[in-house]
Amino acid sequence: MDKTLKPTDIGGWGRGAGPYGGLADVEFSSRCPPTIRPRTRIIAVCGVNDYNQASSPVDDGWFHSDFYLFRYLFSGLGSNQIWMTCVDPATLVNKYREFVHGNPLETRRVVLDRDMLPAIQQSGNMRVVAPDILLDRFLGTVEYECKAATWNDEHVLILIFGHGDSGNFGVAIGGESTPTAPRLTVKDMASVIQHTKNVAVLMTSCFSGGWVTKRTPDGSKGALNATVMAAAGSTTKSESWAKSESSGRAAGSIYASAILQSAIQMQIGTKEGVETQEDIESSPSYVGWAKFIHDIGSNQVDRMFWQHKIAFSAQDDLWGSNYENVSNLPMVDYKSRWEMLKAIPIDTANPIRNRAPNANFGGSIASLGVGEYGSTTLGQAFPGNFANIVAEQARQYLKSFPGSDASGSNPQHSWFRRIARGQITDSEHLEILSDELCYRNALTGVATRYKDFLELQMDDAHLFDAYAWAQKQEPNEQWDRFSKIHDAIHNASIFGHPAPSQGFFFAKPTEYLAIAFVKSGRPMEQVLAEIKKLAAFRGVMVSFVQKPILNNPEVQRRSNRFFRTFTRLRQRLRSLSPEKNKEKTPKKEREKKNGEPSGSNRF
Numbered sequence: 322m323d324k325t326l327k328p329t330d331i332g333g334w335g336r337g338a339g340p341y342g343g344l345a346d347v348e349f350s351s352r353c354p355p356t357i358r359p360r361t362r363i364i365a366v367c368g369v370n371d372y373n374q375a376s377s378p379v380d381d382g383w384f385h386s387d388f389y390l391f392r393y394l395f396s397g398l399g400s401n402q403i404w405m406t407c408v409d410p411a412t413l414v415n416k417y418r419e420f421v422h423g424n425p426l427e428t429r430r431v432v433l434d435r436d437m438l439p440a441i442q443q444s445g446n447m448r449v450v451a452p453d454i455l456l457d458r459f460l461g462t463v464e465y466e467c468k469a470a471t472w473n474d475e476h477v478l479i480l481i482f483g484h485g486d487s488g489n490f491g492v493a494i495g496g497e498s499t500p501t502a503p504r505l506t507v508k509d510m511a512s513v514i515q516h517t518k519n520v521a522v523l524m525t526s527c528f529s530g531g532w533v534t535k536r537t538p539d540g541s542k543g544a545l546n547a548t549v550m551a552a553a554g555s556t557t558k559s560e561s562w563a564k565s566e567s568s569g570r571a572a573g574s575i576y577a578s579a580i581l582q583s584a585i586q587m588q589i590g591t592k593e594g595v596e597t598q599e600d601i602e603s604s605p606s607y608v609g610w611a612k613f614i615h616d617i618g619s620n621q622v623d624r625m626f627w628q629h630k631i632a633f634s635a636q637d638d639l640w641g642s643n644y645e646n647v648s649n650l651p652m653v654d655y656k657s658r659w660e661m662l663k664a665i666p667i668d669t670a671n672p673i674r675n676r677a678p679n680a681n682f683g684g685s686i687a688s689l690g691v692g693e694y695g696s697t698t699l700g701q702a703f704p705g706n707f708a709n710i711v712a713e714q715a716r717q718y719l720k721s722f723p724g725s726d727a728s729g730s731n732p733q734h735s736w737f738r739r740i741a742r743g744q745i746t747d748s749e750h751l752e753i754l755s756d757e758l759c760y761r762n763a764l765t766g767v768a769t770r771y772k773d774f775l776e777l778q779m780d781d782a783h784l785f786d787a788y789a790w791a792q793k794q795e796p797n798e799q800w801d802r803f804s805k806i807h808d809a810i811h812n813a814s815i816f817g818h819p820a821p822s823q824g825f826f827f828a829k830p831t832e833y834l835a836i837a838f839v840k841s842g843r844p845m846e847q848v849l850a851e852i853k854k855l856a857a858f859r860g861v862m863v864s865f866v867q868k869p870i871l872n873n874p875e876v877q878r879r880s881n882r883f884f885r886t887f888t889r890l891r892q893r894l895r896s897l898s899p900e901k902n903k904e905k906t907p908k909k910e911r912e913k914k915n916g917e918p919s920g921s922n923r924f
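Numbered as in this note's numbering, the sequence shown ends at 924 without a single skipped number.
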């Protein structure tokens with residue numbers, strides 16, 4: 322039956338000024354008159370490179386899983402398709418055999434393997450582009466396709482797969498490694514779309530909701546006039562499915578599964594669930610589609626789906642228009658196409674890992690998949706002092722409840738675990754990972770210092786499992802309070818920004834401090850005042866995070882083994898020898914070549 326819905330109840334933002342882009346208390350009908358399905362041009366980009374095996378299914382390969390899932394589902398549809406990547410699919414198959422999609426404790430499907438390569442090649446729409454020019458080539462392609470769509474009265478669907486930044490909401494596209502990769506920004510996209518009508522963007526990045534909420538400099542309207550379907554809010558992370566215990570690989574994003582399942586159920590409902598003549602003579606509106614994704618995601622895909630804070634916008638605020646014409650998702654028999662893919666047996670993982678809403682399991686929820694670093698004794702697997710230290714850094718980190726491996730902020734967990742097991746000996750790679758571990762371990766200490774300064778009664782950050790706490794929550798007043806406090810901490814940036822050499826933004830400290838405030842029971846006014854107080858001197862508290870050094874063996878045996886506040890930015894020692902401290906390290910040479918790093922949060 323027809324009813325009205327508020328976009329703001331489902332993560333919607335409008336084009337105008339004011340709260341929620343002018344959509345506060347505005348309602349739209351959930352159904353509308355049917356229209357002719359549009360012809361659509363599809364442009365997709367996967368920004369993940371294979372530097373240091375980043376494309377592996379145990380690392381960032383889940384972005385490739387999303388990319389090839391939609392490439393398969395949309396195959397042969399629309400007026401034109403272009404799929405852009407910097408890693409040849411044949412290379413992916415040769416190195417990693419196959420990429421799969423879905424919950425590891427339910428039926429997964431293969432979305433890329435050797436048998437699928439001929440069809441990809443025959444389609445003629447795959448573009449393998451050098452990583453250093455992938456972003457420019459993608460923007461040029463979007464601009465050209467938008468002009469062609471305007472000329473031919475067609476719609477445009479843009480799919481973006483890559484790590485997203487906090488703060489400026491950029492998405493890493495190409496480059497050598499994610500932290501140093503060129504960024505696709507809202508401004509970039511707005512400049513190539515310009516005034517093109519009927520443009521929709523689907524994103525699976527962390528913080529992708531920022532593309533919905535970001536305003537123009539004067540705050541009068543949204544920075545991007547396009548329909549956006551985002552996997553996460555402007556302050557939240559997107560997630561892949563939990564890594565399987567049998568192979569340790571992630572299998573695409575939860576959000577992509579929600580989109581697929583929603584499309585399947587929408588088509589089933591259209592065919593079988595009509596109840597009245599009015600329903601037969603109408604179609605779901607875009608606001609109805611957005612609500613449907615929320616409901617299907619929570620009820621059929623992921624019992625924690627509401628924590629993702631998925632976000633939506635509608636070009637020209639056409640929330641009440643037909644969802645097919647606004648989302649630009651091609652109409653195809655999604656169920657049949659999905660079921661034609663090769664099935665993967667259900668994983669033999671611990672059922673507690675299962676995020677499916679109908680999962681039955683006993684026991685307590687804990688931060689599974691983290692803290693598992695093997696039994697290698699420090700010093701046995703790493704004969705060198707530097708390797709010993711990095712191994713202990715990894716062990717210290719993995720024991721500190723750093724969060725889910727599936728989180729978009731934790732793609733390096735598999736590498737950290739390999740370090741602790743003695744499986745990485747390359748000195749340059751160890752140095753890169755050491756920088757990231759120093760940053761994360763130091764921020765954990767900063768979170769504890771904040772907690773102590775504010776006299777919040779809770780275990781120190783390295784002893785508290787924030788992920789397990791979140792898994793036990795329900796969508797109630799306590800979660801709303803946590804969410805508001807979390808966003809206030811995040812927006813105040815009291816934990817600073819990682820330099821490119823320090824990898825991805827570490828989410829746990831923000832979550833930990835927000836939980837401490839929730840547990841304190843302090844009035845919201847007091848909490849916000851204390852967050853403001855922390856922001857006033859955050860430079861003092863987190864300055865040493867940008868300046869880690871390696872200390873001597875005696876210092877390593879003390880409680881703060883690896884960290885000392887240092888007076889010069891970006892200075893660190895390559896060894897424990899005072900004479901060698903004067904030498905330029907390869908790291909410093911790279912910094913000299915690349916210049917000072919930028920300060921955006923990396924995901």
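From the three backbone atoms N, C-alpha and C, an ideal C-beta is built for every residue, glycine too.
Item                                                                                                                      : Value
Given 8 angstroms, three or more beta-carbon pairs between the region 476-490 and the region 430-446                      : no
Buried or exposed (CB count within 10 angstroms, at least 16 for buried), Ser583                                          : buried
Extent of the continuous beta strand (DSSP E) run through Ser634                                                          : 632-634
Any non-hydrogen atom of the ligand NAP closer than 7 angstroms to Gly641 Cβ                                              : Ligands displayed in this structure: none; no statement on the ligand NAP is therefore possible.
Best match in Gly729, Asp808, Asp801 for proximity to Met493 [C-alpha to C-alpha]                                         : In the sequence as presented, Met is not what sits at residue 493; that position holds Ala. Ranking the options by Cα distance to Ala493, first place goes to Gly729.
Per-residue DSSP class, three states only, for Phe722                                                                     : coil
As assigned by DSSP and simplified to three states, the class of His484                                                   : coil
Gln582 in three-state terms, based on DSSP                                                                                : helix
Proximity winner among Val366, Gly483, Gly397, relative to Asp380 (alpha-carbon distances)                                : Gly483
Residue(s) in a DSSP beta bridge with Thr361                                                                              : His476
Length of the line joining the Cα atoms of Ala551 and Ala632                                                              : 5 angstroms
Beta-carbon proximity list for Arg435, same chain, < 7 angstroms, skipping 5 on both sides                                : Val414
Own chain, CB closer than 7 angstroms to Ala809, minus 5 neighbours either side, in chain order                           : Leu849, Ile852
Collapsed DSSP secondary structure at Ala338 in the structure displayed                                                   : coil
At least three beta-carbon pairs within less than 8 angstroms, the region 494-514 to the region 450-462                   : yes
Cross-strand partners of Arg352 (DSSP beta bridge)                                                                        : Pro605
Cβ-Cβ distance between Cys407 and Phe388 below 8 angstroms                                                                : no
Range covered by the alpha helix (DSSP H) that runs through Trp562                                                        : Unbroken run through Trp562: none, as it is neither H nor E.
When Phe613, Pro605, Ser642, Val507 are compared against Asn519, the one with the closest alpha-carbon                    : Ser642
Residue from Gly724, Ile403, Gly423, Asn424 with nearest C-alpha to Val315                                                : Outside the displayed span of the chain (322 to 924) sits residue 315, for which this structure offers no information.
Whether Ile806 touches Ala835 by CB criterion (8 angstroms)                                                               : yes
Reduced DSSP category for Leu505 - H, G, I as helix; E, B as strand; rest coil                                            : strand
Buried/exposed call for Ala579, threshold 16 Cβ in 10 Å                                                                   : buried
Opening and closing residue of the beta strand (DSSP E) in which Val294 lies                                              : Shown here, the chain extends from 322 to 924; a query on residue 294 therefore has no answer.
Contact check, Val533 vs Ser634, beta carbons under 8 angstroms                                                           : yes
Proximal residues to Asp330 (C-beta, below 7 angstroms), its chain only, five neighbours per side dropped                 : none
Proximity below 8 angstroms, CB of Ala727 to CB of Glu832                                                                 : no
Three-state class that DSSP yields for Leu775 in the structure shown                                                      : coil
Buried versus exposed call for Leu784 [16 or more other C-beta atoms within 10 Å across all chains shown]                 : exposed
With 16 other Cβ atoms within 10 Å as the buried cut-off, status of Pro821                                                : buried
Residue range of the alpha helix (DSSP H) that includes His807                                                            : 798-813
CB contact flag (Ala571, Pro378, <8 angstroms)                                                                            : yes
Every unbroken alpha helix (DSSP H) inside the region 512-560 [4 residues or more]                                        : 531-534
Candidates Asn797, Arg761, Asp756, of which the one nearest Ala782 by Cα                                                  : Arg761
Spatial neighbours of Ala702 in its chain, beta-carbon cut-off 6 angstroms, leaving aside the 5 residues before and after : In this prediction, Ala702 has a pLDDT of 35, which is less than 50 and means its spatial position is unreliable; what the coordinates show is noted afterwards. Same-chain partners within the cutoff: Gly743.
Span of the alpha helix (DSSP H), counted from its first residue to its last, around Trp659                               : 655-661
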